[in-house]
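For our numbering, count along the sequence shown from 1 and bump the result up by 2. C-beta atoms are modelled at their ideal positions from N, C-alpha and C, and glycine is treated no differently. Step one of this worksheet: look at the structure below.
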Amino acid sequence: MKKIQINIILALILIFQLTSCQKLTDLNVNPNSPVNVSSNYILTYVLIQTSSTYAALGDVGSDVSGAMQYGQSGTNQSAPTLNQLLWTPSSWAAEYDALRNIELIHANAISSGNKLFEAISLVLRAFNFGLATDLFGDIPYSEALLAGKTGLYFPVYDKQSSVYKGVLADLKAADALLADPNISTYGISASADLLYKGSAAGWRKFANSLRMRYAMRLINKKTDMTALGVDVIAEFNAAVPNAFTSTTDEAFIPYLGTAANTSYPGGLLRTANPNFTVKPCKTIVDSLKLKKDPRLYRWVLPVTSKWDATISGAKTYTNPYGEAQAVTYAITTNFALDTTLFVGLAPNLAVIDLGNYNRGTAALPSPDNPEKRPWVSFLHGRYRLNNDPLIRMDLMSYSEVEFLQAEAAQRGGFATSDPETHFKNGILASMKRWGITDGASGFNFTTFYSNPTVSYALASNKLERIINQKWVSLWLNVESWFDWRRTGYPNLKTGPVTQYGAALPLRFMYPLPNLDPAYLVNYKAAVANLVPTNYVPVGQSADHSYSRMWLLQNTGFPY
Numbered sequence: 003m004k005k006i007q008i009n010i011i012l013a014l015i016l017i018f019q020l021t022s023c024q025k026l027t028d029l030n031v032n033p034n035s036p037v038n039v040s041s042n043y044i045l046t047y048v049l050i051q052t053s054s055t056y057a058a059l060g061d062v063g064s065d066v067s068g069a070m071q072y073g074q075s076g077t078n079q080s081a082p083t084l085n086q087l088l089w090t091p092s093s094w095a096a097e098y099d100a101l102r103n104i105e106l107i108h109a110n111a112i113s114s115g116n117k118l119f120e121a122i123s124l125v126l127r128a129f130n131f132g133l134a135t136d137l138f139g140d141i142p143y144s145e146a147l148l149a150g151k152t153g154l155y156f157p158v159y160d161k162q163s164s165v166y167k168g169v170l171a172d173l174k175a176a177d178a179l180l181a182d183p184n185i186s187t188y189g190i191s192a193s194a195d196l197l198y199k200g201s202a203a204g205w206r207k208f209a210n211s212l213r214m215r216y217a218m219r220l221i222n223k224k225t226d227m228t229a230l231g232v233d234v235i236a237e238f239n240a241a242v243p244n245a246f247t248s249t250t251d252e253a254f255i256p257y258l259g260t261a262a263n264t265s266y267p268g269g270l271l272r273t274a275n276p277n278f279t280v281k282p283c284k285t286i287v288d289s290l291k292l293k294k295d296p297r298l299y300r301w302v303l304p305v306t307s308k309w310d311a312t313i314s315g316a317k318t319y320t321n322p323y324g325e326a327q328a329v330t331y332a333i334t335t336n337f338a339l340d341t342t343l344f345v346g347l348a349p350n351l352a353v354i355d356l357g358n359y360n361r362g363t364a365a366l367p368s369p370d371n372p373e374k375r376p377w378v379s380f381l382h383g384r385y386r387l388n389n390d391p392l393i394r395m396d397l398m399s400y401s402e403v404e405f406l407q408a409e410a411a412q413r414g415g416f417a418t419s420d421p422e423t424h425f426k427n428g429i430l431a432s433m434k435r436w437g438i439t440d441g442a443s444g445f446n447f448t449t450f451y452s453n454p455t456v457s458y459a460l461a462s463n464k465l466e467r468i469i470n471q472k473w474v475s476l477w478l479n480v481e482s483w484f485d486w487r488r489t490g491y492p493n494l495k496t497g498p499v500t501q502y503g504a505a506l507p508l509r510f511m512y513p514l515p516n517l518d519p520a521y522l523v524n525y526k527a528a529v530a531n532l533v534p535t536n537y538v539p540v541g542q543s544a545d546h547s548y549s550r551m552w553l554l555q556n557t558g559f560p561y
């Protein structure tokens with residue numbers, strides 16, 4: 003992907019920003035119909051909307067980041083949702099906002115005969131509808147954008163299987179359009195396309211990489227999809243030759259940091275209070291330490307107060323990338339405490355235990371700020387900046403494509419072979435994405451890979467090994483939750499305090515329902531298709547974060 007200056011979006015966001023109302027009547031409203039707006043302008047807005055929405059789902063402090071044990075709240079702020087998994091009704095306003103504007107691009111493309119814009123609109127439509135059904139289950143799909151044409155304000159919720167069929171159909175159609183050798187003759191503004199600068203080749207690789215993602219998403223439901231006329235293995239195999247082949251193909255948008263709406267959410271342009279509340283979780287930190295994984299230093303800071311058996315006093319710690327930090331050592335004989343330099347916060351703790359985790363008998367600082375207590379690591383400082391070269395809005399990475407191929411080869415039945423090579427490539431691509439190079443700053447990949455907890459050859463459960471490494475590579479990305487739901491990996495264990503029992507949530511709850519009877523009939527039909535697990539309290543609605551959507555029903559996963 004080419005990094006493109008996106009200052010033009012500042013005006014566009016004012017033009018296209020829509021209400022965040024969650025009522026279903028809003029899904030079909032087309033606020034732009036009185037104005038004939040260029041697809042180039044709409045595309046810029048849609049790309050920002052789609053990228054920021056997707057990035058936020060797994061980012062620091064999100065519900066998913068807590069469930070996947072990337073982060074935990076160190077105070078009572080957000081602890082019920084982040085730590086204790088008390089998820090509440092969600093919103094799909096951003097996805098449908100993007101989809102309304104994508105529909106404008108698609109309509110303009112059809113009327114003008116612009117096949118490149120048509121293909122791009124199909125890719126983005128598939129991405130947003132796919133994301134919405136990933137999160138919720140059955141969703142408005144076939145009738146979702148018809149209000150301006152037919153006056154239909156209460157669309158039905160299509161079955162999830164039908165939505166996935168449409169997603170794969172759109173991506174396949176986009177690939178066919180983008181394969182046209184004359185596709186580059188169709189006009190599109192390079193500055194408007196924040197992903198690929200108008201490159202049809204880039205969009206084709208993205209489309210096929212997404213086909214791989216969704217084909218594998220459906221692997222446990224391949225029989226059901228075959229009955230609908232979709233061969234998910236054939237879809238995967240057809241996509242591989244034209245998917246990402248290097249990190250230069252990746253779909254992402256950087257944060258410019260020039261204004262609030264071009265800055266990372268943790269920076270001072272977006273918040274007056276830099277986030278020290280969310281701490282890295284013990285699960286991911288311990289995994290990185292065990293594997294001697296250098297990505298630890300990109301994501302996590304050492305503690306500022308370290309327990310030690312023999313050393314005391316002020317020291318300076320410098321990581322392999324030259325970043326120095328003052329650390330105060332204190333002697334302890336309590337080896338129940340974590341005496342390492344990098345300490346994650348254990349998952350799912352009671353609120354009363356959060357601020358005292360790993361404190362031992364130490365006196366509280368004076369003055370005391372519970373967010374900044376020094377015995378647990380903070381997230382790296384780059385997560386409190388307006389922008390950083392390593393922080394960006396990722397839609398899909400080359401690393402993910404390689405791990406998908408590793409999984410396909412390991413499972414068998416796909417055209418892909420040699421799972422270990424793809425596994426290695428996935429790790430190397432993730433390292434490169436985080437600025438880590440074999441042979442530089444003390445990192446040797448051969449040494450790293452020889453660790454028994456990393457090596458593919460030494461793994462007793464090779465699928466688990468693949469997905470566990472993919473979980474690391476998908477740091478702060480919602481995709482790791484989607485993988486966990488269909489595989490049960492990584493085998494995450496809950497802590498002592500969770501709202502609904504010792505398990506992780508399975509879906510987002512629908513937006514708070516509109517009470518109009520015409521809406522409720524469709525909403526209730528969708529809820530009837532959900533299957534509550536034993537973690538849904540008796541008497542509560544099946545519209546619950548612990549209910550199974552169609553994708554997870556009768557699969558045995560994740561529990």
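Check	Outcome
Integer Cβ distance of Lys167 from Asn531, believed to fall under 8 Å	Between Asn531 and Lys167 the Cβ distance is about 16 Å, and since that is not below 8 Å, they are no contact.
Asn556 classed as buried or exposed, judged by whether at least 16 other C-beta atoms fall within 10 angstroms	exposed
Rounded separation between Leu339 and Ala69 - CA only	24 Å
Reference Ser92; option with closest CA among Ala217, Pro515, Ala527, Leu298	Pro515
Reference Gln71; option with closest CA among Thr449, Val287, Ala261, Asn239	Val287
Reduced DSSP secondary structure (H/G/I, E/B, other) of Leu430	helix
For Gly73, three-class secondary structure by DSSP	strand
Reduced DSSP secondary structure (H/G/I, E/B, other) of Met551	coil
Proximity to Asn210 [Cα-Cα], best of Thr90, Thr335, Tyr400	Tyr400
Beta-carbon proximity check, Leu2 vs Glu97, cutoff 8 Å	Limits of the chain in this structure are 3 at one end and 561 at the other, which puts residue 2 out of reach.
The region 456-474 in contact with the region 392-411 per 3-pair CB rule at 8 Å	yes
Range of the contiguous beta strand (DSSP E) that encloses Tyr525	Taken as a continuous stretch (DSSP letters only), Tyr525 belongs to no beta strand (DSSP E), being part of the alpha helix (DSSP H) at 519-530.
Same chain only: Cβ atoms within 8 Å of Ala544, ignoring 5 sequence neighbours per side	Val529, Ala530, Leu532, Val533, Pro534, Val538
Backbone secondary structure at Tyr561 - three-state DSSP	coil
7 Å Cβ shell around Gln24 - same chain, five flanking residues per side excluded	At Gln24 the pLDDT is 38, less than 50, meaning the model places this residue with poor confidence; the figure from the coordinates comes in the next sentence. Within the same chain, Gln24 has close Cβ partners Ser93, Ala95, Pro513, Leu514.
Burial state of Lys284, where buried means 16 or more other Cβ atoms lie within 10 Å	buried
Sheet register partners of Ala326 (DSSP bridge)	Thr320
Backbone secondary structure at Gly315 - three-state DSSP	strand
Three-way DSSP call (helix, strand, coil) for Val48 in this model	helix
Distance CB(Pro372)-CB(Thr77) smaller than 8 Å	yes
Given 8 Å, three or more beta-carbon pairs between the region 239-246 and the region 409-425	yes
Test item: CB-CB of Leu173 and Val125 under 8 Å	yes
Rounded separation between Val31 and Phe425 - CA only	Caution is warranted here: a pLDDT of 42 is assigned to Val31, below 50, making its placement in the model unreliable, and the coordinate value is therefore given only provisionally. About 45 Å.
Range of the contiguous alpha helix (DSSP H) that encloses Lys294	From DSSP, Lys294 is part of no alpha helix (DSSP H); its letter is neither H nor E.
Delimiting residues of the alpha helix (DSSP H) encompassing Pro82	81-84
Cβ-Cβ separation, Val329 to Thr312 (assumed contact under 8 Å), whole Å	With a Cβ gap of about 15 Å, Thr312 and Val329 do not count as contacting.
Chain-order list of residues whose beta-carbon lies under 6 Å from that of Ile255 (same chain, five-residue window excluded)	Ser53, Leu196, Met395
8 Å Cβ cutoff met for Leu554 and Leu506	no
8 Å contact criterion, which Lys308 and Leu343 should meet: CB distance rounded	6 Å
Terminal residues of the alpha helix (DSSP H) in which Ala504 lies	Counting along the chain, Ala504 falls outside any alpha helix (DSSP H), and DSSP gives it neither H nor E.
Neighbourhood of Phe484 by C-beta, 8 Å cutoff - its chain only, sequence neighbours within 5 removed	Asp136, Arg219
Limits of the beta strand (DSSP E) - the one that Trp377 falls within	No beta strand (DSSP E) contains Trp377, which DSSP labels as neither H nor E.
Segment contact, 8 Å Cβ cut-off, at least three pairs: the region 247-267 with the region 354-362	no
Option in Thr273, Leu290, Ala326, Val66 with minimal Cα separation from Leu387	Thr273
For Pro492 and Gly231, the rounded distance between their alpha carbons	32 Å
Straight-line Cα distance separating Phe138 from Ser79	Reading off the sequence shown, one finds Gln at residue 79, where the question assumed Ser. Each residue's alpha carbon lies about 26 Å from the other.
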